[in-house]
Amino acid sequence: MPLIASPSIRHLVLAACLGAASVSAGIASASDIYPQGLAIGDVRAHSAVVWTRAPLGGEVRLDVSATDGGDVAFSAVATARPTNDHVLHWAVDSLAPATSYRVVLTAVGAPDGTLEGQFTTAPEPTADALATVLVGGDLGGQGYCRHVERGYLIFQAMLEREADLFIANGDMIYADGLCPAEGPDGWRNVPGAFANVLDLDWSAEAPAGAALSPVEEAIAAHWHYNRADAAHRAFLARTPMVAQWDDHEVINDFGFAWASWPLDPERPGWRHLVEAGREAVFRYNPIEQSAGEARRIERSFRWGQHLELFVLDARTYRDPNSQLDGPDKAVLGAEQVAWLVDGLTASKATWKLVSSNIPLALATGSRADLWGRDGFANGLRDDFSRRTGGERELLDLLARLDAADVENLVVLATDVHHAMILRTIRDFDGDGDVLRFHEVIVGPLNAGMAPAVASPDPTLGSVVLFGEAGVFNFGEVRLVRRGEGPPRLVAEVRGEDGQIRDGSTLELAPRPSADD
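Residue numbers for the sequence shown follow the numbering used here, beginning at 54 and rising by one.
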């Protein structure tokens with residue numbers, strides 16, 4: 054939890070609306086200099102990444118200092134350039150663990166043009182620390198975008214939770230959608246001045262004198278729009294994020310490695326579209342990038358003695374959705390599966406969270422009868438979709454975790470636009486003992502809502518503990534003390550108002566490991 058008291062939520066949102074300060078009278082406000090605010094991400098015990106966008110250009114200085122006073126722990130200047138859409142990233146290092154830090158951005162030459170944020174570094178792996186983690190996805194889709202009066206109100210409730218981490222699980226934009234002034238069912242949007250990528254020439258290059266192609270410009274404008282929301286900006290300025298992606302950061306039900314778009318295989322420019330979408334995920338999010346290494350969405354984070362988070366990428370390595378399920382069908386890919394199994398097996402954390410951008414137990418996919426399943430589950434429909442999931446890969450993964458006696462596993466997911474909590478207990482490797490895990494599915498944060506809760510695919514034998522459709526929502530996972538011993542885990546679904554949805558509380562006691 055943060056180590057100092059937070060200012061009032063009302064004050065933070067107001068500041069985000071009006072700009073943290075004026076640069077100088079008559080020139081520009083902080084809202085003009087940093088219209089998408091700032092974000093802190095991939096926080097570890099000694100490092101973090103700070104992000105902003107400064108479309109007016111010029112140099113911006115970042116200063117990071119402990120909130121309890123003392124010298125500046127990190128300071129660096131970066132130049133905002135049009136070739137990168139004026140986006141800036143700072144890899145902040147040499148920080149102290151479990152320490153609250155103040156972030157200050159200053160436009161060089163305009164000392165009053167400042168923007169502030171705050172974050173707390175992770176405790177060391179040996180620290181007996183608690184944690185609160187939020188998870189959400191599905192933002193601005195199906196015509197439900199920034200409400201003209203309330204904006205993305207849910208982020209105000211999320212800010213009040215004073216969480217240590219926020220997992221942006223995927224579909225944090227809908228590049229294949231629009232935000233018209235009039236949304237569904239009387240919903241009124243702040244209009245989005247961007248195109249749907251479906252309506253563009255994917256192969257078109259950047260016009261003369263422009264830094265971005267039409268596809269890149271459209272995807273960028275979606276990110277600008279969602280991040281410009283006042284409550285969203287206030288939330289990200291004080292809650293470190295861990296960013297994933299799913300399909301709508303590019304286009305519905307896509308795979309990055311595919312040779313073409315299944316709905317129109319002859320349409321030119323496919324590689325340009327998917328590469329632009331992937332590049333934008335790294336451009337508009339504070340994701341750690343190691344020099345000399347390929348950029349990866351799959352990564353892990355340790356938060357003290359009791360929590361380790363594993364983030365998955367179910368878009369980069371997948372085979373075509375239409376490929377038949379079997380030993381050669383990949384959703385995660387062999388390398389990522391091995392990384393996950395090795396990481397979970399070796400983890401000494403009491404609780405292991407796995408953030409998957411697709412559910413495990415639910416059959417998904419638009420027009421799956423024609424184009425195949427988009428998730429692991431094959432489903433039960435008596436058509437082509439029933440043979441096209443990734444069940445073989447998932448069952449192999451779970452069998453390996455069962456054989457390794459992995460305990461205290463909780464999977465987090467979004468994607469299906471309704472909330473659900475499931476329990477799975479099954480002997481996946483046939484050795485006589487069982488693997489236990491829970492799956493917590495949440496969303497949408499603010500997008501079209503599923504009309505009903507889906508039934509789980511029977512393959513895993515999952516039991517539904519909670520289900521609800523028709524509400525904007527997010528998930529909260531926190532570690533709590535209940536007497537002596539390791540902490541318990543509490544998972545809940547909270548609505549747009551921040552209140553717990555009835556029946557959604559799941560409380561788990563840690564099970565002993567095989568070594569105990």
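We treat Cβ as the ideally placed atom computed from N, Cα and C, and that holds for glycine.
_In whole angstroms, give me the CA-to-CA distance for L433 and F519._
21 Å
*asked:* Starting from N526, trace the beta strand (DSSP E) in both directions and tell me its first and last residue.
replied: N526 to V533
*Could you check how far apart the C-beta atoms of D455 and L413 are, in whole angstroms? I think they sit under 8 Å.*
With 8 Å as the limit, D455 and L413 do not qualify as a contact, their Cβ atoms being about 14 Å apart.
*Residue ranges of each beta strand (DSSP E) within the stretch 145-188, 3 or longer*: 153-160 and 163-173
*To which residues of the same chain is V469 closer than 8 Å at the C-beta, ignoring the five residues directly before and after it?*
P412, L415, T417, I494, G496, A503 and A507
*asked:* Looking at the secondary structure, which residues open and close the alpha helix (DSSP H) in which V268 lies?
replied: P267 to R280
_Selection from E351, L365 and P267 that minimises the alpha carbon distance to L326_ = P267
_7 Å CB neighbourhood of G396 in its chain, flanking five on each side removed_ = S353 and F363
*Leaving out the 5 sequence neighbours to the left and right, which residues in its chain are closer than 6 Å to H491 when beta-carbon positions are compared?*
V463 and R476
*asked:* So, with DSSP's three-state summary, where would you put H200?
replied: strand
*Burial state of G194, where buried means 16 or more other Cβ atoms lie within 10 Å*: buried
*Output the residue ranges of the alpha helix (DSSP H) runs that lie fully inside the stretch 348-408 and measure 4 residues or longer, sorted by chain position.*
387-399
*Using the C-alpha atoms, what's the distance from Q358 back to P178?*
5 Å
*State buried or exposed for S343, treating a residue as buried only when at least 16 other CB atoms are found within 10 Å of its CB.*
exposed
*From A264, A228 and M473, pick the residue whose C-alpha is nearest to that of A274; which is it?*
A228
*Tell whether a beta-carbon distance below 8 Å holds between R336 and Q89.*
no
*Measuring CA to CA, which of E444, G483, D480 and S515 is closest to I474?*
S515
*Relative to the alpha-carbon of N222, which residue among F437, D300 and L393 has its alpha-carbon at the smallest distance?*
D300
*For D238, three-class secondary structure by DSSP*: helix
*Starting from the C-beta of V543, find all residues in its chain whose C-beta is less than 6 Å away, skip the five residues before and the five after it, and write them out in chain order.*
R531, V533 and E560
_So, at 8 Å on beta carbons, what are the nonlocal neighbours of V161 in its own chain, with the 5 sequence-adjacent residues on each side left out?_
G111, E112, V113, R114 and V130
*asked:* Using the three-state DSSP reduction, which class does S118 fall into: helix, strand or coil?
replied: strand
*Could you say if the stretch 234-248 and the stretch 309-323 meet the contact criterion of at least three C-beta pairs nearer than 8 Å?*
no
*Cα-Cα, which of V156, A333 and R349 is closest to H139?*
A333
*So, G189 versus N338, is the Cβ gap smaller than 8 Å?*
no
*asked:* Quick check on G79: does DSSP put it in helix, strand or coil?
replied: Any answer about G79 is weak, because its pLDDT of 41 lies below 50 and its placement is not dependable; what the coordinates show is given next. Correct three-state label for G79: coil.
*Per DSSP, which residues does A472 bridge with? Please list them.*
E521
*I272 vs A329 beta-carbon contact at 8 Å*: yes
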